[in-house]
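Input: a single structure, listed below in structure tokens.
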Amino acid sequence: MSVALFAAIATAQRYTGDWIPCLVGAAALGLAALETASPRLRLALRALLFGGTLAAIFLTFALTLHYQRETVWGVPEEFRQSYQNFRTRLTP
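Residue 54 in numbering that gives the first Met the number 0 sits at position 55 of the sequence shown, with consecutive numbering throughout.
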């Protein structure tokens with residue numbers, strides 16, 4: 000499912016909304032299945048889910064920032080330069 004979503008994003012961002020109902024349904028089924036697991040496995044899977052969710056939030060923020068400051072045309076040069084300075088500070 001993720002590969003299909005990434006392929007749709009690479010084609011056009013407007014197609015990502017088409018996947019939302021399917022993703023919500025898959026998430027609901029996954030959460031229901033999670034509740035049937037043993038307590039130890041449930042705790043481990045919840046921790047994994049939490050970590051994956053945080054990583055997805057940070058990745059989405061980074062991609063959005065990059066797109067809005069670097070990729071899209073029409074961005075004023077001062078914003079582009081500010082973003083480049085920000086990236087330089089974050090890079091070790």
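Ideal Cβ placement from N, Cα and C applies to all residues, glycine included.
- Counted as a single uninterrupted DSSP element, the stretch harbouring V71 is not any alpha helix (DSSP H), since DSSP gives it neither H nor E.
- If you look at A36, you'll find it isn't in any alpha helix (DSSP H); DSSP assigns it neither H nor E.
- Nearest to R79 by alpha-carbon distance, out of R45, H65, L89, P91, is H65.
- In this model, R88 and L47 are separated by some 30 Å (Cα to Cα).
- About 6 Å separates the beta carbons of A36 and L44, which is inside the 8 Å limit, making them a contact pair.
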